[in-house]
Amino acid sequence: MKKYILLLITLFSLSACQDFLDETPKGTLIPKTVNDFGMILDNYSYDNYIAYGQSLTMIMSDDFTIPDDKAYKFASWGINAYSWADHLFSVSDDEDCYTNFYHVIYLCNYILNNLDDASDGAEFTRSYVEGAARFHRAFAYFNLVNLYAKHYDKNTADTDLGVPLMLEADPNLTTGRATVQQIYDQIFTDLNKAKDLLTEEKPKYPFRPGQTAVYALLARIYLYQGDYKLCMEAARTAREQWSKPYDYNGYELEDVNPDFGIKGYPSNRWEEADIICYKGEGYGPNEEGDYNLSEDLISLFDKETDLRWKLFITSYPFFSGDDSQGDTPRTAFSFPNNRGLNVGELYLTEAEACARENEIDDALYLLNEVARNRHVAGTYQDETERDPDKLLELILDERRRECICKGTRWFDLKRLNKDPRFAKTITHTLYGETYTLTPDDNHYVLPIPLIVISQNPQIEQNPR
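Numbering of the sequence shown is given in the working numbering, commencing with residue 26 and proceeding in unit increments.
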């Protein structure tokens, strides 16, 4: 398995070595069977695996702060991200998000380009491998277009610059940026095919996408596009195939030291009932314990009854490695109890769409189903607010609590800034200097890495 992965790394990296593609390196196996391709999709070793890490945007959002006494632990690009610098990486550095997502796309392209010629395998079906590769490629492009392009606007998507659209596993291929609409068209092409290919609703392992994962991702995408009716349809289909949100009263903290977090992590990280699909987070500029929750986010929690606070947030300095104090995510939040596509987010995605479409009863049901299972048993009072605007605000607050450390807050800020009711100016302070990000700031669109532009002059930089 590792030999297959190493070969794909080499093919991805050695774009200048044409002759390399003509022969197999000694001691290396080329993946040729359906099983080989399935194993590539399943791989979870850190040298080469499919992941969707967004720690970069977590520290750019309004959810976290970097205290002065912890800033030295961050890579320079982490500090650049926190201060919304014009460029996050130097011309000699690869960017974690950009490189990682295109690496995912390369792996999926390699599989899809070669699957027709692969011999059958016993463990993986051909339809599953194609469906999973299309799902992961669509997910990667969704992240890329939301990181490196303007928020989707149906009136300008045909002309707004997106990201390069790569569908061939050719390391020598270069291209300019497709439009935002072209990227979304490809995303929907892949997901609509994946929906038919992934016939199993709930695969044995959550790192394998099933049909429910496709509908959950479609619901997220439709929400971000502002197509609330299609969002509701996709979310309801996914919800009907799954269970209700897991009751967090079923969690226990470690007996020896509760500050260490949830009992059993990380050994049970693939057993969480709320995970629809989760593959991994990749790398970040730091560890979770090195930054604190913002006062703005803290104010949204009831510290006495909200189990997300009681279970997943700590001020214990063990996780920062020093004596620094401040509320910070426990180690358990490094694992997928709320990462990837999960039931809590799915319910709140549908709830928001319902509130925006004035389907108040459904919105209340979905909001209360999540919140009730996130509070100490018997303490939660069902919400009864029927004013659509006020209910929408309650749902958005619940979404922020539910999706902490998930990496979606940055995308939420981008889309909500288009609505005057929720547009927000963010400030970060570091070493006595205050940085401000207004709702219409160009820095909501990340810069294309300088190293990418230096290697491919066809790619146009985003305005800074």
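Glycine included, C-beta positions come from ideal geometry on N, C-alpha and C. Since we're looking at a predicted model, the values are computed, not measured.
From Pro413 to Phe447, what distance separates their C-alpha atoms? Roughly 14 Å between the two C-alpha positions.
May I ask which residues mark the beginning and end of the alpha helix (DSSP H) holding Ile323? Run containing Ile323: 320-323, per the alpha helix (DSSP H) assignment.
Give me the Cβ distance between Asn317 and Pro472, rounded to the nearest whole Å; I'm assuming they're in contact under 8 Å. Contact annotation, Asn317 with Pro472: C-beta distance approximately 26 Å; criterion of less than 8 Å not satisfied.
Expressed to the nearest angstrom, what Euclidean distance is found between the alpha-carbon atoms of Ser479 and Gln486? If you take the alpha carbons of Ser479 and Gln486, they lie about 11 Å apart.
When burial is assigned at 16 or more other CB atoms within 10 Å of the CB, is Ile208 buried or exposed? Ile208 comes out buried.
Please list the segments of the alpha helix (DSSP H) lying wholly inside the region 195-236, counting only runs of 4 or more residues, in order along the chain. With a minimum length of 4 residues, the continuous alpha helix (DSSP H) runs that stay inside the region 195-236 are 205-222.
Spell out a yes or no on whether the region 191-198 and the region 149-156 are touching, meaning 3 or more CB-CB pairs, one atom from each, closer than 8 Å. Contact between the region 191-198 and the region 149-156 is not established, with fewer than three Cβ pairs separated by less than 8 Å.
Gln406, buried or exposed, once every other Cβ within 10 Å from all chains shown has been counted against 16: So Gln406 counts as exposed.
Distance between beta carbons of Tyr273 and Ala378, contact taken as under 8 Å: Rounded, the Cβ-Cβ distance is 24 Å, inconsistent with contact.
Output the residue ranges of the beta strand (DSSP E) runs that lie fully inside the region 414-485 and measure 3 residues or longer, sorted by chain position. 451-455, 458-462, all fully within the region 414-485.
So for Asn367, helix, strand or coil by DSSP? In the structure shown, the three-state DSSP call for Asn367 is strand.
Run the CB neighbour count on Arg264, radius 10 Å, all protein chains shown included, and call it buried at 16 or more, exposed below. The residue in question, Arg264, is buried, as its Cβ has 16 or more Cβ neighbours within 10 Å.
Indicate the three-state DSSP secondary structure (helix, strand or coil) for Asp111 in the structure shown. Here Asp111 sits in coil by DSSP.
Short Cβ contact (8 Å threshold) for Gly275 with Leu222: Their beta carbons are not under 8 Å apart, which means Gly275 does not touch Leu222 by this criterion.
Do three or more CB pairs link the region 218-232 to the region 172-191 at distances below 8 Å? No: the two stretches stay apart, fewer than three of their Cβ pairs being nearer than 8 Å.
Whole angstroms are fine: how far does the CA of Ile104 sit from the CA of Lys496? This structure gives no information on residue 496, because the portion of the chain shown stretches from 26 to 489.
Would you grab the beta carbon distance between Leu366 and Ile301 for me? Rounded to a whole angstrom, and I think it's under 8 Å. Correct: roughly 4 Å between the Cβ atoms.
Which residues DSSP lists as bridging Ser144, in chain order: According to DSSP, Ser144 bridges with Thr58.
Between Leu325 and Arg440, is the Cβ-Cβ spacing less than 8 Å? Not in contact: Leu325 and Arg440 (Cβ atoms no closer than 8 Å).
Sorted by chain position, which residues of the same chain lie with C-beta nearer than 7 Å to Glu48's C-beta, five sequence neighbours on each side aside? Note on Glu48: pLDDT 40, under 50, position unreliable in the model; no value is reported.
How far does the alpha helix (DSSP H) with Ile385 in it reach, from first residue to last? Unbroken alpha helix (DSSP H) run through Ile385: 385-397.
Spatial neighbours of Lys328 within its chain, please: C-beta separation below 8 Å, excluding the five flanking residues on both sides. Once the five neighbours on either side are set aside, the close Cβ partners of Lys328 are Trp334, Lys335.
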